[in-house]
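One structure is given below, encoded as structure tokens.
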Amino acid sequence: MRVHGERSETVNVLLLNGPNLNLLGEREPEIYGKTTLVELEQMLAKKARELGVELRAFQSNHEGALVDELHQSRRWAQGVIFNPGAFTHYSYALRDAIVATRLRVVEVHLSDITKREPWRRVSVLEEVCAHRVLGKGTAGYLEALQWLVDTRAAER
Ligand code: DQA
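Below, the structure written as structure tokens:
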């Protein structure tokens, strides 16, 4: 029985990847690395099992599908690891979805967007995300997962 105020043990985390990340491994490997999306998802799933986290993974090239996934996960997930790809730089719909769902989102980028082209340095999502990890390649996703688990007590 769950007593009022008691936390359930499992942490549910959504791993969300945006446009063009389905091509990881073959897409500009000198910037984004050689790991494929399947390998990345498997890596995260393994770490999730070790941490007792339930992980659900979703990738889409479509803004609305990402909005829908955030909506659908709003009561299930205690945290989201989100690489929004190029939507990072201009998607107010995704920004609104993060605010609307009140999900704790970690913004993750494989590359360090603060050191790239001027248009990439802007993130319209940064302000509404709980944390961000930049430029650490696939290890950044693992760091984000660990951060979500470690800071679970600060859940909003
Ligand atoms: C990216 C950076 C974005 O600017 C780019 O559009 C991507 C990948 C990254 O992981 O470094 O698709 O989010």
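Note that our numbering numbers the sequence shown so that position 155 is 169, with each residue one more than the last.
Here a beta-carbon is modelled for each residue, glycine too, at the ideal position from N, C-alpha and C.
Could you check if residue i is buried or exposed, using at least 16 other CB atoms within 10 Å of its CB as the buried criterion?
{"i": "Arg16", "result": "Any answer about Arg16 is weak, because its pLDDT of 44 lies below 50 and its placement is not dependable; what the coordinates show is given next. Exposed is the call here."}
{"i": "Glu121", "result": "buried"}
With C-beta atoms as the reference, is residue i less than 8 Å away from residue j?
{"i": "Asn36", "j": "Leu51", "result": "yes"}
{"i": "Leu30", "j": "Glu64", "result": "no"}
{"i": "Ile95", "j": "Ala153", "result": "no"}
{"i": "Ala91", "j": "Leu156", "result": "no"}
{"i": "Val142", "j": "Arg109", "result": "yes"}
{"i": "Ala107", "j": "Glu140", "result": "no"}
Would you grab the beta carbon distance between residue i and residue j for me? Rounded to a whole angstrom, and I think it's under 8 Å.
{"i": "Gly32", "j": "Leu80", "result": "6 Å"}
{"i": "Thr49", "j": "Gly39", "result": "6 Å"}
{"i": "Leu124", "j": "Tyr46", "result": "5 Å"}
{"i": "Glu53", "j": "Ala71", "result": "Contact doesn't hold; Cβ gap of about 12 Å is too wide."}
{"i": "Val67", "j": "Ser105", "result": "With a Cβ gap of about 27 Å, Val67 and Ser105 do not count as contacting."}
Look up residue i in the DSSP assignment and say whether it is helix, strand or coil.
{"i": "His85", "result": "helix"}
{"i": "Val138", "result": "coil"}
{"i": "Glu40", "result": "coil"}
{"i": "Glu77", "result": "helix"}
{"i": "Arg146", "result": "strand"}
{"i": "Glu64", "result": "helix"}
{"i": "Glu121", "result": "strand"}
Looking at the ligand NAD, does it come within less than 7 Å of residue i, judged from the CB to the closest heavy atom?
{"i": "Gly39", "result": "Here the bound small molecules are the ligand DQA; the ligand NAD is not part of this structure."}
The segment 79 to 97 contacting the segment 106 to 124, beta-carbon criterion three pairs below 8 Å: yes
For the structure I just gave you, are there three or more beta carbon pairs, one from the segment 127 to 136 and one from the segment 94 to 111, closer than 8 Å? yes
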